[in-house]
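Step one of this worksheet: look at the structure below.
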Amino acid sequence: MIDWTKGMVRKFEYYEVDPNTWKDKRLIEGIISSDINRDYESATIETANIEIVNTLGECYIRIYMIVTQGTETLKLPLGTFLVQTPSSNFDGKIKTVSMTAYSPLIELKENPVPLGYTLLKNEDIMENAYQIVRDNCRAPVVKTSSDKTLTENFVANTEDTYLDFTSDLISQAKYKFGLDELGQILFSPIQKFESLQPVYTFNDDDNSILLPDVSLKHDIFGIPNVVEVITTINNEIYTSIVKNEDPNSPTSIQNRGRKITHRVTNPDLHGIPTRAQVDEYAEQLLSSLSSVEYTANISHGYYPLRLGDCVRLNYKKAELNNIKAKIISQSIRCDKECTVSTTVTFTKKLWK
Amino acid sequence: MALSSSLIKQFAKLATPKEPKKETTLKGTVKIVNNTEYVQLDGSDILTPVSTTVEIKNDERVEVLIKDHTATVTDNISSPMARTATVTDLSQTVDQNGNSIRQLDNSITQQGNSIIQINNSIQEQNNIINSYNNVIDAQNNKIQVHDSEIRSINSDITSINSSISVQGSQISSLNDTIVSQNNSITAINNNMSLIDNTVNAQGNVINAQGNTLEVFDSDIRILNTGFTIQDGVLTGLSSIVVNDLKTNTLETDYAQIDFANIGTAAVEKIFADSGIINDLVVQSGHITGELVGVTIKGDLIEGNTIKADKLVVLGSDGLYYKLNTDGESVTSEQTQYNSINGSVITAHTITADKVNVTDLVAFGATIGGFHITANSIYSGVKNSVSANSRGIFMDSTGQLAIGDNNNYIKYYLDTNDDTWKLDINADRFIDLIRSTSGTNSVTLSNCAEGPLQTLHLTGEMIPTFPGRSVYPSSTLYPSGYPHITVNYTVNNIQKQDKIRLPFDYLGKVGNVYDEFDLNNLGEATLTRRIGLDSDGQQYILQNEEVIDCGLLAIPLHKGNNTLSCSPYNSSMDITYAISNEFTDMFATQLDLTSKIKQTASEIELSVNNNVMDATSSKNIISKINLIPGQILLEGTVTANGNFKILPDGSIEANNGKFMGDIYLGEGKKVIGGQGLFTNLQYTSGGVFSGWDTIGFTTTMGSGPSVLIKKSLAVDYYIPDNFTPTSAYLVLQTTPVHSGLNGSDIIGKCQDLKLYKGDKNNTFSLFYVMDSDLMGSYSEYSGTEIVKGLDPKRKKLTYTPENSEAGHIDTIEVPVDLENIETVGRGQLFVKTSMATPADKPYGNVYSGAGRLTLNIFGYMNMDKGV
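Just so you know, the sequences run in chain order A and B.
Heads up: the first sequence begins at 243 in this note's numbering, then just goes up one per residue.
Heads up: the second sequence begins at 1111 in this note's numbering, then just goes up one per residue.
Below you can see the structure in the form of structure tokens.
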């Protein structure tokens, strides 16, 4: 087993993938470098940037990292991409071709759903999603079963591609698209962050693969310090107001020097609530709204992590102590150093 | 130079951006299939299901809004929505209030229309209801139109108080029946001319004059008006009828006679003339006289009290006996004709050689020296089972004593330990000892195994050897030396014992002879009368000498034994113990001078004398064959040095293996075939050392909180290698500090009941990573154990007594095993039986704290854990 904190020799191999069998077809020579980007903000989740000396036609390329540590050698796939957008440069000596490559999900994005296409109420969500993806994409699809069915007719929006349509469809069953390193399309369950356990801890000790550069940002825009809940109890209007006046809270009225009010007129309370319940609801709402999402960008040596994985940050020098965070994007530079730029998010409660 | 990672990321996002959702409006054509509304969008072959905000019909052109994966018809192009004014004009025609159709010539032609509103009226003339089967079922309908005709056949007018007041009405149908009461036909010249008309109602009056009753085939044949009934008086009967009633016999099967009108004289005359009672006199409610010729049959005259000055009874001997009574006893009058004299028999005055009675009842008597008391019979002064005097005592409880304080048989109730015991003390048990005699040889049949009881040996037993110095050893005897040979059989094999006798010879000269005696104590004596000189010649000693020969035992074996003397010329008188149930069970070697004491549960042998074995050693207990469990062993008993029974009752052993049960205390088994006696103890799981709330609590979570009952539960688990035998529950309760409407109060649980819980109670749990396990409390469900919190099973509920916080009430109640699971998980819980207070804060008033401890006793076997 490879110890990713120790020294190793890396090299990368690129193979053309047969779209029918989804197996490696031939080794591609002449590739200078590549970058792999994984980001849930991107519709196709993964993209790659590949520089090559010769132009390739449209084809699927699979990137492997070959790791040798002592006597052990590991051939690790990093991703499978459809090369589509070549651009060439000539510096007077060498012509380089830069190609942007996309994940196999790009095929779902290429065609719109027929106008008026509808899945009827009570139909199986994941079964239909599997059928749609399989019929409109060449990459293998890993089938996922669920007992969730549509509660209403599900009509395709006018400008929906199959990717848009199926993304919205599977979100009804609390799933989202995912990809594995071989380019197989997955349906990944949408999990609450609280339920995730760290799969890796980034330490700053001697065995750390963490690089020193860390950027951290957060935004407290819109975080209220006053919550008003207005509701009716037995035909009487009742207003519950909760204020954050905690001097230790950075978002309190004193520390921000002003009131920032969040008003709720339709509280999610079942039945006829009591005043105490409304007060408690308002306090819990202000508590939940008084959390800020931090985004941290860290760089580190390669470790096999995927988007959505939970990691623990223990970078004391950067004042990141025992932080549980979720990976939302990755950028892997496929060179001998194989530096990975990872963006993680975590939340901090600013009041109670 | 490579691009920075951030630039690459931005590029990637731009390359495949997530498109924002847009809403679009398209045109299409309505298609309604199976009552489901679809729209075929322009440019599409697909029928898209839609919802709509406007009224649409098939093939109408519409506009469809597609947004958030829903299709909604927002406009009907073919049939746009109407103007408000147009709708207003229509409303003037169709009035919203009352919904009347005011215009003429409106017709409702469709079937199935109904006018369901109240107070609808059809006011126009010439309306015709010409449909069949119309029903007017409302009350108070009137048909006021003149000249209306009800032509239908078989129409029924069933209403009460219907009247036909129109003149000229005719009831011309056949078989019409007027069944109502108080109908009157007041019209003149009414004729009832039809045949078979029946006037069967009561109260009909024929008050017209000149009516004639011309009834045919009737039973009333009053043809003449010779009698008159006027004002209730019948007059005009013929003299023949009147005279016959006055003077002749009234013949009737039944008569009601007022006896008040019958005088005493008439009664006296009836009985006197009948001869039943002679000299009958009725006076002041009493009847005196004499029954004449009356025979009372039967064997018994019964009555609470038969009072008479005297009763004379004719005996079978032809004599009359008159019985007198003094109110306490019944005696027979003594007359000269019988053997009893005296008017009244008094105590101690009757003597007779013979009294012949079938059943003698007495509360006390002395017969033949036996005293009979209310509950015992005894002789002499032996008036109790423990009396020392000689005699017999026997009482109604079954106790029996025969003998005196030395020799007795007693079967009695020992009040010390409340057990029945049998004591026997006698010098000799006839059934155990048998005597026999013989010369030289005698066969003892059916011997019990043990020593010979007594032996009396006389005659001549002279050794045949010349001297005494040739004895090879103390156990090897020359054949000529005096000894007794015992021949017996074991398993059909002949065996033989030789017993040396403790003397050199037994002599006899003429009528003078030596005597050897062995008594039942094993003591041997020799009465020496004959001397023996060196030549072997016998002579009579001048003085006899009694020689103590020490102790001797001649063992007999079970079955037949043949004793032979050698050298023989002697006679033997022998007593020996015979084999029977008693000797077989308790002692095959009996010293019959021993004291045998037997009780219902044990046999105690108190041996007064030692028993010698064949080696003549003193103070040695010979082979004793007693049944285990029926022996009282005194002192320290040791087996192989490894097992000891100490005098204090304790035992010491190096190791032990018990195949059966072990009991402690008052017979309580602690180890048995089911395993080791074990107490499984479970305590309720409250946050304060097992203490938790009993009373009421509120529901948590979304929605309004509701007051519900809060139970206190104890969960338990019975392993499958455990056999429960009993269980009891300890309930501890205490009042708690609480509040009510801003005031401090003491809350206390009340009216508690015990329940056997369902297994699913409390097991809907939730877990969130890195937090505690959570559960939502709901009222426990289970089966009430009726009166389960009262040890005497009398009270339905239990309310703790203490009312101060911190003071603890404790009760212990047994729990029937039927309420304990035999294996697996179970639960008991305590819950208030109060009604839930309507006002939530009052839940505090009736809530306290408690802790349950469940003890389950039983046996845990070693199937697990070993």
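Note that the Cβ used here is the ideal one computed from N, Cα and C, for glycine as well.
key: DSSP three-state assignment for Asn1371 (chain B), whether helix, strand or coil   = helix
query = Among all the DSSP beta bridges, which residues are the ones paired with Tyr417 (chain A)?
reply = A:Pro431
key: Collapsed DSSP secondary structure at Leu1636 (chain B) in the structure displayed   = strand
inquiry  = Check for me: the alpha helix (DSSP H) holding Asn370 (chain A) runs from which residue to which?
reply    = First-last of the alpha helix (DSSP H) with Asn370 (chain A): 367-378.
message = Taking the beta strand (DSSP E) that Ile565 (chain A) belongs to, which residues open and close that run?
response = 562-575
query = Hey, how far is the Cα of Ile348 (chain A) from the Cα of Leu324 (chain A)?
reply = Straight-line Cα distance between these residues: approximately 8 angstroms.
Within-8 angstroms CB hit, Gln1206 (chain B) to chain A = Any answer about Gln1206 (chain B) is weak, because its pLDDT of 49 lies below 50 and its placement is not dependable; what the coordinates show is given next. Not one chain A Cβ lies under 8 angstroms of Gln1206 (chain B).
request  = Report yes or no: do three or more beta-carbon pairs, one from the region 355-370 of chain A and one from the region 304-313 of chain A, lie closer than 8 angstroms?
outcome  = The region 355-370 of chain A is not in contact with the region 304-313 of chain A.
query = Which residues share a DSSP beta bridge with Trp1530 (chain B)?
reply = B:Leu1523
request  = Name, please, each residue of chain B whose Cβ falls closer than 8 angstroms to the Cβ of Val397 (chain A).
outcome  = Thr1158, Pro1159, Ile1176, His1179, Thr1180, Ala1181
key: Unbroken beta strand (DSSP E) run spanning Leu1790 (chain B), endpoints   = 1785-1793
ask   = Can you list, in chain order, the residues of its chain whose CB lies under 6 angstroms from that of Leu1304 (chain B), leaving out five sequence neighbours each side?
value = Annotation note: pLDDT 49 at Leu1304 (chain B) (below 50); position unreliable, no value reported.
key: Chain-ordered neighbours of Asp410 (chain A) on chain B, where CB pairs are closer than 8 angstroms   = His1179
task = Check each candidate in A:Asp410, A:Pro382, A:Ser413 and name the one with the smallest Cα separation from Thr263 (chain A).
result = A:Pro382
message = What I want to know is whether the C-beta of Val582 (chain A) ends up closer than 7 angstroms to one or more non-hydrogen atoms of the ligand HEM.
response = The model depicted lacks the ligand HEM and carries no ligand whatsoever.
request  = Taking Gly1153 (chain B) as the query, report the chain A residues whose CB atoms sit under 8 angstroms from its CB, ordered along the chain.
outcome  = Leu357
message = In the DSSP output, which residue or residues are listed as bridge partners for Tyr1518 (chain B)?
response = B:Gly1513, B:Asn1535
task = Hey, could you find the ends of the beta strand (DSSP E) Gln1648 (chain B) is sitting in?
result = 1648-1661
request  = For Ser1943 (chain B), count neighbouring C-beta atoms within 10 Å of its own C-beta (all shown protein chains included) and say buried if the count is 16 or more, exposed if not.
outcome  = exposed
message = By DSSP's criteria, His542 (chain A) is part of a beta bridge. Which residues make up the other side?
response = Paired residue(s): A:Leu452, A:Val582.
query = Can you tell which of B:Asn1517, B:Asn1493, B:Ser1499, B:Asn1515 has the C-alpha that lies nearest to the C-alpha of Gln1509 (chain B)?
reply = B:Asn1493
query = How long is the line joining the alpha carbons of Gly1501 (chain B) and Tyr1522 (chain B), rounded to whole angstroms?
reply = Near 15 angstroms, if we compare the C-alpha coordinates of Tyr1522 (chain B) and Gly1501 (chain B).
inquiry  = For Leu511 (chain A) and Glu522 (chain A), what's the separation of their Cα atoms in angstroms?
reply    = When rounded, the distance between both Cα atoms is 11 angstroms.
ask   = Is Leu1850 (chain B) close to chain A, meaning its C-beta is less than 8 angstroms from at least one C-beta of that chain?
value = no
ask   = Rounded to whole angstroms, how far is the Cβ of Thr1685 (chain B) from the Cβ of Ile1543 (chain B), which I believe are closer than 8 angstroms?
value = 5 angstroms
ask   = Got a sec, what are the start and stop residues for the alpha helix (DSSP H) Glu522 (chain A) sits in?
value = Per DSSP, the continuous alpha helix (DSSP H) segment holding Glu522 (chain A) begins and ends at 517-531.
key: Partners in chain B for Thr400 (chain A), counting only beta-carbon separations shorter than 8 angstroms   = Lys1132, Thr1134, Leu1136, Ile1176
key: Interfacial residues, the region 501-522 of chain A to chain B, with Cβ spacing under 9 angstroms   = Asp510, Leu511, His512, Gly513, Ile514, Pro515, Thr516, Ala518, Gln519
Whole-angstrom distance between Glu283 (chain A) and Ser1188 (chain B), CA atom to CA atom = Distance between the alpha carbons of Ser1188 (chain B) and Glu283 (chain A): 44 angstroms.
ask   = Looking at the unbroken alpha helix (DSSP H) that takes in Ile1572 (chain B), where does it start and where does it end?
value = From DSSP, Ile1572 (chain B) is part of no alpha helix (DSSP H); its letter is neither H nor E.
task = Pull up the DSSP beta-bridge partners for Glu1173 (chain B), would you.
result = B:Lys1137, B:Asp1185
key: Listed by chain order, chain B residues near Glu349 (chain A) by CB distance under 9 angstroms   = Within chain B, no residue comes near Glu349 (chain A); the closest Cβ sits about 12 angstroms away, beyond 9 angstroms.
task = Excluding the 5 residues preceding and the 5 following Val375 (chain A) in the sequence, name in chain order all residues of the same chain whose CB lies nearer than 7 angstroms to its CB.
result = Leu350, Val383, Thr408, Ile427
Min CB distance Leu362 (chain A) to chain B below 8 angstroms = Output row for Leu362 (chain A): interface = yes.
message = Excluding the 5 residues flanking Val1846 (chain B) on each side, which residues of the same chain have their C-beta closer than 6 angstroms to its C-beta?
response = Gly1857, Ala1915, Gly1958, Ala1959
ask   = Out of curiosity, what's the CA-to-CA distance linking Ser1727 (chain B) and Ile1609 (chain B)?
value = At Ser1727 (chain B), the pLDDT of 33 sits below 50, so the modelled position is not reliable and the matter cannot be decided from this model.
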